[in-house]
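Heads up: the protein sequence lines correspond to chains C and U, in order.
First residue of the first sequence: 1, per this note's numbering; consecutive thereafter.
First residue of the second sequence: 1, per this note's numbering; consecutive thereafter.
For each residue, glycine too, the CB sits at the ideal point set by N, CA and C.
Notes follow once the structure below has been shown.
Number of protein chains: 2
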Amino acid sequence: MEAIRKSLTNAPNRRKYARRDFPREDQAAVEIDYLPRRCESTVMHIHQASPNPDSDSIWPILEPTIRAGETYTLPMDMSRADAIAYWFAAQHEVFVVQENKQTLGTYFIQPNHQGGGAHVANCGYITAPWATGRGVARAMCAHSLEHARARGFRAMQFNFVVSTNQRAVALWQSFGFEIVGRLPSAFCLPTKEFVDALVMYRSLM
Amino acid sequence: MEAIRKSLTNAPNRRKYARRDFPREDQAAVEIDYLPRRCESTVMHIHQASPNPDSDSIWPILEPTIRAGETYTLPMDMSRADAIAYWFAAQHEVFVVQENKQTLGTYFIQPNHQGGGAHVANCGYITAPWATGRGVARAMCAHSLEHARARGFRAMQFNFVVSTNQRAVALWQSFGFEIVGRLPSAFCLPTKEFVDALVMYRSLM
């Protein structure tokens, strides 16, 4: 089993963290034990998910974000079946963050393109509304970067970060992502306001 | 029938062209009669395509580009069935350029994203190897911009223009597309050289 254990410091600059890598035995059982900022005794685990049995715990996380329509380019009235099919698309590897068996977040990772673009990874992350502010997105991003490197990806790209999602932009920047593109008025908020979207990119080499 | 007739001038600055719009009757039968530079008496027609009967004339156009692996992020060994399925994906509208019943090129248009990003169009164009240098890509781009406007799109975006494809970059720029993003080393050429890809964007408003 590949186990990655991270201890994030409580210091304001959360980019600094210690990492210990344990011997890799099973690529499928990637797991992260994560000590969040507010409760040193609590541990988050990240493990690979599948539609069965994980859909029941993932849909309550996807649904609020889809219904809000503020960050993902998905129809706000998307059905559960369509959302689960999207999240578990054939090329996606899906992971969930759990703490005491409660699911706090989920992310997918995929090659951003085929052919000559298959060396760049792409991810989507969603944190449960009941778990915001606890470092769940940070834990998922850290995990995804490790996993992308382990799979041999040379870079990671986020194709469409809504510019008003400043918390996400700042988080990705704290992980070394740079804004390499700005798409003018490319996203229509539920308020019908058109705002820019950002393309963010970081090398894994 | 929506008919769009364009006469491109032979002048070096080919951005200038006269346009006459005829009354729109049938959205499905969008057609363009295009007088190319080298033969004023020849007319290219652009019409909507479907897998049956157009796959037989489209595959010989897709295959050389896919096998070359220099411009599209598709596997170089992609099968005919997979390529046709990709080109005629559910959200794609596909068009072909024909002259004297010979197919010279094909393009698709789709919403670049769902939800809050569905107002931006995305296209892919491929010219037949036997028809390069005759303004086929220019005719397709002009047609796609008109069609995108007619469908209500507010902008068009090309997500991944390989930076070494300078002819395409210059052509899209001549249509008003701007480079709004540069993806470092995002494309691996068949020579194993990593080159940048460009994100190009233009408003339709």
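- Using a CB distance cut-off of 7 Å, Phe187 of chain U counts as an interface residue toward chain C.
- Residue pairing of Cys188 of chain C in beta bridges, as defined by DSSP: C:Phe194.
- Between Val120 of chain U and Ala90 of chain U, the C-beta gap is not smaller than 7 Å, which leaves the two residues out of contact.
- Chain U places no beta carbon closer than 7 Å to that of His92 of chain C, leaving this residue out of the contacts.
- Secondary structure of His143 of chain C (DSSP, three-state): helix.
- For Ala168 of chain U, the closest alpha carbon among the candidates U:Pro51, U:Tyr125 and U:Lys192 is that of U:Tyr125.
- Approximately 6 Å separates the beta-carbon atoms of Leu204 of chain U and Ala148 of chain U; this is inside 8 Å, confirming the contact.
- Less than 7 Å divides the Cβ of Gly117 of chain C from the Cβ of Phe187 of chain U.
- A Cβ of chain C is located within less than 7 Å of the beta carbon of Arg182 of chain U.
- The stretch 76-95 of chain U and the stretch 54-64 of chain U touch, with three or more beta-carbon pairs separated by less than 8 Å.
- Contact note: Phe108 of chain C does not reach chain U at a C-beta cutoff of 7 Å; the least C-beta distance is about 16 Å.
- Boundaries of the beta strand (DSSP E) around Asn159 of chain C: Ala155 to Val162.
- Counting along the chain, the unbroken beta strand (DSSP E) around Tyr125 of chain U starts and ends at Val120 to Thr127.
- Secondary structure note for Pro111 of chain U: it is in no alpha helix (DSSP H), and the uninterrupted beta strand (DSSP E) holding it is Gln102 to Pro111.
- As a beta-bridge residue in DSSP terms, Val97 of chain U pairs with U:Ile46 and U:Gly105.
- Excluding the 5 residues flanking it on each side, Thr164 of chain U has same chain C-beta neighbours closer than 6 Å at Val195, in chain order.
- Contacts with chain U at 7 Å (Cβ-Cβ) include Gly115 of chain C.
- In the DSSP assignment, no residue is bridged to Leu171 of chain C.
- Within the model, the alpha-carbon separation for Val97 of chain C versus Phe88 of chain C is close to 16 Å.
- Listed in chain order, the non-local C-beta contacts of Gly152 of chain C below 8 Å within the same chain comprise His119, local neighbours out to five positions each way being set aside.
- Only those residues of the stretch 133-165 of chain U whose C-beta falls short of 9 Å from the nearest C-beta of chain C are listed: Arg154, Ala155, Gln157, Asn159, Phe160 and Val162.
- For Leu204 of chain C, no alpha helix (DSSP H) encloses it, and the DSSP letter there is neither H nor E.
- For Leu171 of chain C, no Cβ of chain U is located within less than 7 Å of the residue's own Cβ.
- Taking a beta-carbon distance threshold of 7 Å, His45 of chain U does not count as an interface residue toward chain C.
- The alpha-carbon separation between His45 of chain U and Phe108 of chain U amounts to approximately 16 Å.
- One finds nothing in chain C with a Cβ atom closer than 9 Å to the Cβ of Pro51 of chain U; even the nearest lies about 20 Å away.
- Between Met78 of chain C and Gly69 of chain C, the C-beta spacing is not below 7 Å.
- With the criterion set as a beta carbon lying under 7 Å from some beta carbon of chain C, the members of the stretch 74-87 of chain U are Leu74, Pro75 and Met76, in sequence order.
- Minimum Cα-Cα distance from Pro51 of chain C among the listed residues C:Thr71, C:Phe160 and C:Phe95 corresponds to C:Phe95.
- In the DSSP assignment, Arg182 of chain U is bridged to U:Leu198.
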